[in-house]
Amino acid sequence: MKAFQTLFIPLNIGNLVLKNRITLAPMFLCYGNPDGTVSEKTIEFYARRAKAGVSLIVVEASAVDSKGMGLSRMIRADSDNYIKGLSKLAKAIKDAGGYAVLQLYHGGRYSQQPIAPSPVETYLSPEKKIIPQAMSIDEITELINKFGEAAERAIYAGFNGVELHGASGYLVAQFISPRTNKRTDKYGGSFENRIRFPLEVVASVREHMGKEYLLGYRFLPDEWLPDGFKLNEGKILARRLEKASVNYLSCNAGTYESWFLPDIMKRTSKHGYQVDITYEIKKEVKIPVFANGRINTPDLAEEIIRKGKADAVALARPLFADPEFIQKIFENRTDQIVECANDMQCGRLTMQGLDAVCSQWKKVNA
1126 MKAFQTLFIP LNIGNLVLKN RITLAPMFLC YGNPDGTVSE KTIEFYARRA KAGVSLIVVE
1186 ASAVDSKGMG LSRMIRADSD NYIKGLSKLA KAIKDAGGYA VLQLYHGGRY SQQPIAPSPV
1246 ETYLSPEKKI IPQAMSIDEI TELINKFGEA AERAIYAGFN GVELHGASGY LVAQFISPRT
1306 NKRTDKYGGS FENRIRFPLE VVASVREHMG KEYLLGYRFL PDEWLPDGFK LNEGKILARR
1366 LEKASVNYLS CNAGTYESWF LPDIMKRTSK HGYQVDITYE IKKEVKIPVF ANGRINTPDL
1426 AEEIIRKGKA DAVALARPLF ADPEFIQKIF ENRTDQIVEC ANDMQCGRLT MQGLDAVCSQ
1486 WKKVNA
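Everything in the sequence shown is counted per this note's numbering, starting at 1126 for the first residue and increasing by one.
(1) Using the Cβ count rule (16 or more neighbours within 10 Å means buried), how would you classify Gly1266?
(2) Taking the continuous alpha helix (DSSP H) assigned at Phe1445, which residues delimit it?
(3) Between Tyr1171 and Pro1257, what straight-line distance do the alpha-carbon atoms span, to the nearest angstrom?
(4) Could you check how far apart the C-beta atoms of Ala1416 and Lys1391 are, in whole angstroms? I think they sit under 8 Å.
(5) Given this structure, state the Cα-to-Cα distance separating Gly1359 from Lys1411, to the nearest angstrom.
(6) Does DSSP put Thr1309 in a helix, a strand or coil?
(7) Residue range of the beta strand (DSSP E) that Tyr1281 falls in?
(8) Would Asn1318 pass as a contact of Ser1243 if the rule is Cβ separation under 9 Å?
(9) Using DSSP's beta-bridge definition, name the partner residues of Arg1343.
(10) Since Thr1131 contacts Glu1449 with CB under 8 Å, what's their CB separation in whole angstroms?
(11) Buried or exposed, going by whether 16 or more other CB atoms sit within 10 Å of the CB of Ser1329?
(12) What is the DSSP secondary structure of Thr1167, reduced to helix, strand or coil?
(13) State buried or exposed for Lys1128, treating a residue as buried only when at least 16 other CB atoms are found within 10 Å of its CB.
(14) Going by DSSP, name the residue or residues bridged to Arg1201.
(15) Around the Cβ of Gly1335, are there at least 16 other Cβ atoms within 10 angstroms (buried) or fewer (exposed)?
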């Protein structure tokens, strides 16, 4: 472990102290029950990674509104009916030694019932065009409250906090982007109006769950699109979120509309491809900032933290591929870590509504 001492320096975040700098980033698993309740398979997945040393477990996107679900078999937090299962999940994570955070999500125009700030068309595939329904002011107000109510349920269920999904092109990101937000009322047009929705969501969450619990934000620093949300605006939004009592930012640049462009695909094929843009955000705020994006090896994770590029790393597929990633670092068994193959088998399966399965698990369990 001597070669990776920086990864095991504790990190103060909100009222919590993380035992190491490796967090589990959220990813769709499609392990939930058909009715949106938490399944035993979901509990086992997260508890195993907490037991193996992950300091902060961010549980996958959980719907704050039944209309906002992006995939079937998502976890839901839009009704008190889901508290029992969420409680079992939070307890399992904490009993295994991790902190439990629930990510709150609305898909917007990528929902099964597409809504958005504006009726701007998009494509789920070359054959499937979507034109979402524009939200009314009353619908916006109602949804802001639903985010707060979902956060309150998460805390009641025993989670240490919540993370708002403000990236990847989902609803919150659709409001801040001039590409997808063409409104002419108080929620569109100027930069101040475009960021009004996420700031009001943050305020609602704080009001519902109190100041003592962790509030993270999955943060979009740049859409990587010519007419999209830009880094200069991202820097300002980061400062505003910090001022609004957000405890950490987990940076994730790009959206579904940019990730598959040839030049962006070339960029995202590189290890640590988001480190530089994460550092640009880190320089703007004093709260912890997490780096994402193909951080597949302990050496790269250590380098990022040691050089001060980020305060922690958020790993999704690396910890999906090898649940004992951190334990193997701690026990000087890094040569036994099974790396993510980057073949996107997990993502292809979930997009079909099937359980996420890693092509590397046969090596982990060999």
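Beta carbons are placed, not taken as given, at the ideal position from N, Cα and C, and that holds for glycine. The structure displayed is predicted, hence computed values, not measured ones.
On the basis of the coordinates in this document:
(1) In the sequence under discussion, the amino acid at residue 1266 is Thr, which differs from the Gly named in the question. Thr1266 comes out exposed.
(2) 1442-1446
(3) 34 Å
(4) Actually they do not touch by this definition, with Cβ atoms about 20 Å apart.
(5) 15 Å
(6) coil
(7) No beta strand (DSSP E) contains Tyr1281, which is instead part of the alpha helix (DSSP H) from 1262-1281.
(8) no
(9) His1290, Ser1375
(10) That pair is no contact at about 20 Å.
(11) buried
(12) helix
(13) The question names Lys, but residue 1128 in the sequence shown is Ala. So Ala1128 ends up on the exposed side.
(14) Ala1188
(15) exposed
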